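Chemist: This structure is in structure tokens; I'll ask about it shortly.
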Amino acid sequence: MKQIEGGITAARGFSAAGVEAEIKYKNRKDMALVFSSEPCIAAGTFTSNVVKAAPVLWDKRLVENSEFVQAVVVNTGIANACTGRQGLDYCRTEAESVGRLLNLPADAVLVASTGVIGNQLPIDRITAGIEKLAVAMSDTPEAGTDAAKAIMTTDTVHKQIAVETVIGGRTVTLGGMCKGSGMIHPNMCTMLCFITTDVKISKQMLTKAVKADVTDSFNMISVDGDTSTNDTFVVMANGLAGNEEISAEGSDFDAFCEALHFITTYLARKMAGDGEGATALFECRVINADTKENARTLAKAVICSSLTKAAIFGHDANFGRILCALGYSGVQFDPENVDLYFCSKSGKMHIFGAGVACDYSEEEATRLLSDSEVTVLADMHMGNEEATAWGCDLSYEYGKINADYRS
């Protein structure tokens, strides 16, 4: 497996576009389209929030019941959430508009939105944007980048990646893009993520791969503890790589899952590090836990702790906040048998062990914690399981961004 240039258009048969439609923003791309020249099987996961946006309801039905999907249209600025029957009707209007231009049935068109909750979509601008997208569509890496930029809201950078691997003697490509910066929390995080691939795989096995993958990728990130109404993660596979169909577990399925997890982990880290107002990616790696689930729980408790996040922002080696978060996670452990370390590109520092603080330099700890990526390593000395969670520091800027988000 190797990382290659590009994103959502890297796999055979996929085109994309990003255009300005002025849904909320001006002078920036705010609508995207992804299209496959061939019908795709699809698998996905969606928000666990009881309050689900209209596009989530639309896409969930299509992913579960449609014979195939072939396109996805995305807008930013307005979430089309808490919009009642009209919101669902607008999803159909969008899908029918794409279908008319690309000669597809409406039930082959996924719809996604992100932005302010409670506002109705300006459907005239949406449909006009779809017409622009159909004209602009291309299979170039630049078109994929345009699409990745067009789905951003408070994101400061676009997020995309592509990889190649060999399955059944054929080169298979996966490409992905995502957005996510605020209202992000595990158990689906707030995000839109779309992955395209030319692999030939059964719907059953694609679904199995996707649902297993999110447990240790997108469900292990948090920015602010808020689970969105619009979370959508969809993988589309058109089979153009020509490999023998993956219809059961085995080496081919394992190779696909490895490539998929490389992409999702990369994108998850990018979202966590680009959290609203963030100055650092904050990672917690728990090792030697008694169970995998306990390792996940412990890691997520640390990166979700507001006090710990604030300490990371202040470059303060306040390990007591980390121990506190581990302690209220619900996992039982012996605090005197835990070792804590800070790690970054500047080095690794043992800060707590045998129930007491280690003899470390506060100045050196501050230097280490000033790097753009900081890891807390927690060795539980209970077993052989491990897990990693990703978040970000909590800065003054986070409050500013979310105090006037609607303005």
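Here this note's numbering is used: the first residue of the sequence shown is 65, the next is one more, and so on. The C-beta atom is built at its ideal place from N, Cα and C for all residues, glycine as well. Quantities reported herein were computed from a predicted structural model and do not represent experimental measurements.
Excluding the 5 residues preceding and the 5 following methionine 413 in the sequence, name in chain order all residues of the same chain whose CB lies nearer than 7 angstroms to its CB.
Modeler: Your numbering for residue 413 matches position 349 in the sequence shown. Around methionine 413: Tyr405, Phe406, Tyr424, Glu428, Ala429, Leu432.
Chemist: Any idea which residues DSSP pairs arginine 234 with across the strands?
Modeler: Taking the first residue of the sequence shown as 1, we reach residue 234 at position 170. Note: arginine 234 sits in a beta bridge opposite Ile231.
Chemist: Looking at the strands, I want to know which residues DSSP matches up with asparagine 139.
Modeler: As a position in the sequence shown, residue 139 is number 75, starting the count at 1. In the DSSP output, where bridge partners are listed per residue, asparagine 139 has Met95, Ser177.
Chemist: Quick check: what's the CA-CA separation for serine 410 versus glutamate 437?
Modeler: For this step, residue 410 is matched to residue 346 along the sequence shown. For this step, residue 437 is matched to residue 373 along the sequence shown. Whole-angstrom Cα-Cα distance: 10 angstroms.
Chemist: Sort Ala117, Cys368, Arg385 by Cα distance to glycine 455 and report the nearest one.
Modeler: Stepping through the sequence shown from its first residue, residue 455 is reached at position 391. That would be Cys368, whose Cα lies nearest to the Cα of glycine 455.
Chemist: Compare the Cα-Cα distances from valine 136 to each of Ser112, Ser161, Val115 and report the closest residue.
Modeler: As a working note, residue 136 is residue 72 in the sequence shown. Measuring from the Cα of valine 136, the nearest candidate turns out to be Ser161.
Chemist: Which same chain residues end up closer than 6 angstroms to serine 491 when comparing Cβ atoms and leaving out the 5 residues on each side of it in sequence?
Modeler: Nothing can be reported for residue 491, as the shown portion of the chain is limited to 65 through 471.
Chemist: Whose C-beta lies closer than 6 angstroms to the C-beta of alanine 323 among residues of the same chain, with five residues either side of it excluded?
Modeler: Here the question's residue 323 lines up with position 259 in the sequence shown. Cβ within range, chain order: Met65, Val227, Thr229, Leu238.
Chemist: Compute the beta-carbon to beta-carbon distance between alanine 453 and isoleucine 285, rounded to the nearest angstrom, for a pair I have assumed lies under 8 angstroms.
Modeler: For this step, residue 453 is matched to residue 389 along the sequence shown. For this step, residue 285 is matched to residue 221 along the sequence shown. That belief holds up - the Cβ atoms of alanine 453 and isoleucine 285 are roughly 7 angstroms apart, short of 8 angstroms.
Chemist: Count Cβ pairs between the region 296–308 and the region 396–404 that sit closer than 8 angstroms; are there 3 or more?
Modeler: No, because fewer than three Cβ pairs between the region 296–308 and the region 396–404 fall closer than 8 angstroms, the two stretches do not touch.
Chemist: Can you pull the DSSP bridge partners for aspartate 423?
Modeler: As a first step, residue 423 must be located in the sequence shown, where it is residue number 359. Paired residues: none, contrary to the question.
Chemist: Count the CB pairs spanning the region 185–199 and the region 291–305 that are closer than 8 angstroms, and state whether there are at least three.
Modeler: Verdict: no, contact absent.
Chemist: Can you list, in chain order, the residues of its chain with a C-beta nearer than 8 angstroms to that of phenylalanine 383? Leave out the 5 residues immediately preceding and following it.
Modeler: Here residue 383 is taken as the residue at index 319 of the sequence shown, counted from 1. Here the set comprises Leu404, Ile415, Phe416, Ala421.
Chemist: Contact defined as beta carbons within less than 8 angstroms: I believe isoleucine 194 pairs with cysteine 146. What is the distance between those atoms, to the nearest angstrom?
Modeler: Here residue 194 refers to the residue found at position 130 of the sequence shown. Here residue 146 refers to the residue found at position 82 of the sequence shown. Not a contact, Cβ separation roughly 23 angstroms.
Chemist: By DSSP, does methionine 247 sit in helix, in strand, or in coil?
Modeler: On the sequence shown, position 183 is the one that residue 247 refers to. The predicted position of methionine 247 is uncertain, since its pLDDT is 49 and thus under 50; no value can be drawn from it.
Chemist: Measure the CB-CB distance between valine 299 and alanine 106 and report whether it falls below 9 angstroms.
Modeler: Working through the sequence shown from its first residue, we reach residue 299 at position 235. Working through the sequence shown from its first residue, we reach residue 106 at position 42. Result yes, Cβ atoms of valine 299 and alanine 106 sit closer than 9 angstroms.
Chemist: Look at the alpha carbon of phenylalanine 132 and the alpha carbon of cysteine 104, and state the distance between them as a whole number of angstroms.
Modeler: Taking the first residue of the sequence shown as 1, we reach residue 132 at position 68. Taking the first residue of the sequence shown as 1, we reach residue 104 at position 40. Roughly 5 angstroms between the two C-alpha positions.
Chemist: Could you check how far apart the C-beta atoms of threonine 295 and isoleucine 231 are, in whole angstroms? I think they sit under 8 angstroms.
Modeler: Position 231 of the sequence shown, counted from the start, is the residue given in the question as residue 295. Position 167 of the sequence shown, counted from the start, is the residue given in the question as residue 231. Strictly speaking, residue 295 in this sequence is aspartate, with threonine absent from that position. 29 angstroms between Cβ atoms; not a contact.
Chemist: So, at 6 angstroms on beta carbons, what are the nonlocal neighbours of glycine 208 in its own chain, with the 5 sequence-adjacent residues on each side left out?
Modeler: Position 144 of the sequence shown, counted from the first residue, corresponds to residue 208. Here the set comprises Gly70, Gly71, Ile72, Thr73, Ala80.
Chemist: Bridge partners for glycine 239 per DSSP, in chain order?
Modeler: Along the sequence shown, read from residue 1 onward, the residue named residue 239 stands at position 175. The partner list for glycine 239 (beta bridge, DSSP) reads Ala226, Thr260.
Chemist: Find out if the Cβ-Cβ distance for the pair threonine 328, serine 281 is shorter than 9 angstroms.
Modeler: The residue labelled residue 328 in the question sits at position 264 within the sequence shown. The residue labelled residue 281 in the question sits at position 217 within the sequence shown. Yes. Within cutoff.
Chemist: Among Glu449, Phe346, Lys243, which has the Cα closest to the Cα of serine 177?
Modeler: In the sequence shown, counting from the first residue as 1, residue 177 sits at position 113. Taking only the C-alpha atoms, the option nearest serine 177 is Lys243.
Chemist: Mapping the DSSP letters down to three states, classify alanine 312 as helix, strand or coil.
Modeler: Working through the sequence shown from its first residue, we reach residue 312 at position 248. If DSSP states are grouped into helix, strand and coil, alanine 312 belongs with coil.
Chemist: Going by DSSP, what residue range makes up the alpha helix (DSSP H) through threonine 154?
Modeler: As a first step, residue 154 must be located in the sequence shown, where it is residue number 90. Looking at the sequence itself, residue 154 is tyrosine, so the reference to threonine does not match. 148–166 is the extent of the alpha helix (DSSP H) around tyrosine 154.
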